[in-house]
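Residue numbers (the working numbering): -15 to 93.
Beta carbons: idealized from backbone N, C-alpha and C, even for Gly.
Computed from a predicted model, the values in this text were never measured in an experiment.
Inspection log for the structure reproduced underneath, given as structure tokens.
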Amino acid sequence: MATQTLQNQSLRGDLSFRESRTAQISLTEEQSAILKELIELKATTPLRFEIRTGRIGQNLKQKLDDLEALGLVKTRGLTVNTKETIYVPSPGARRFIAAREKAKRTKKR
């Protein structure tokens, strides 16, 4: 029954449901920094991300895949001929980062 309720809320696009789901996500500082940088880049591949941000050797593909599993990043294939994947922030990613930054500012006061 609970699963059905979650599916119905998800299908309707209930804003309060999406906000509560986003509030439950917990990221490390590193994950948060990677997500912020991805939002600034708008879309990227792991190699381009390394070049643009200087995050060499940090296993970015796995970290971006982890953010995708949380629903904060979407992926799509670059072309049919290559296995390269483009990572794009999800619509909720910007809201998530904004809420996280607001919570940090509130704690500092």
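Just to confirm my understanding: we take residue i, look at its own chain, exclude 5 residues before and 5 after, and list those with CB closer than 7 Å. What are they?
| i | result |
| --- | --- |
| Glu84 | Residue 84 is actually Arg in this sequence, not Glu. Contacts found: Ser16. |
| Lys20 | Ile81 |
Please name the residue, chosen from the options, that lies closest to residue i on a Cα-to-Cα basis.
| i | options | result |
| --- | --- | --- |
| Gly61 | Gly55, Thr29, Leu11 and Ser10 | Thr29 |
| Glu14 | Thr59, Asp50 and Lys58 | Asp50 |
| Thr37 | Tyr71, Ile18 and Ala53 | Ile18 |
| Ala77 | Lys88, Glu52, Arg89 and Lys91 | Glu52 |
Just how far apart, CA to CA, sit residue i and residue j?
| i | j | result |
| --- | --- | --- |
| Ala82 | Leu31 | 26 Å |
| Thr69 | Leu44 | 12 Å |
| Ser74 | Ile9 | 14 Å |
| Gln46 | Lys86 | 27 Å |
| Ile35 | Leu54 | 25 Å |
| Ile40 | Lys92 | 32 Å |
| Lys58 | Phe33 | 15 Å |
| Lys88 | Glu24 | 20 Å |
Would you grab the beta carbon distance between residue i and residue j for me? Rounded to a whole angstrom, and I think it's under 8 Å.
| i | j | result |
| --- | --- | --- |
| Tyr71 | Leu11 | That pair is no contact at about 15 Å. |
| Phe80 | Leu48 | That belief does not hold up - the Cβ atoms of Phe80 and Leu48 are roughly 15 Å apart, past 8 Å. |
Who are the Cβ neighbours of residue i in its own chain at under 6 Å, not counting the five residues just before and after it?
| i | result |
| --- | --- |
| Ala27 | Ile70 and Val72 |
| Gly(-3) | Residue confidence is low: Gly(-3) scores 46 on pLDDT, short of 50, so the model does not pin down where it sits. Its coordinate-derived value is still stated next. Answer for Gly(-3): no residue qualifies. |
Which first and last residues belong to the beta strand (DSSP E) in which residue i is found?
| i | result |
| --- | --- |
| Lys58 | Val57 to Gly61 |
| Thr28 | Premise fails: Thr28 is in no beta strand (DSSP E) and is neither H nor E. |
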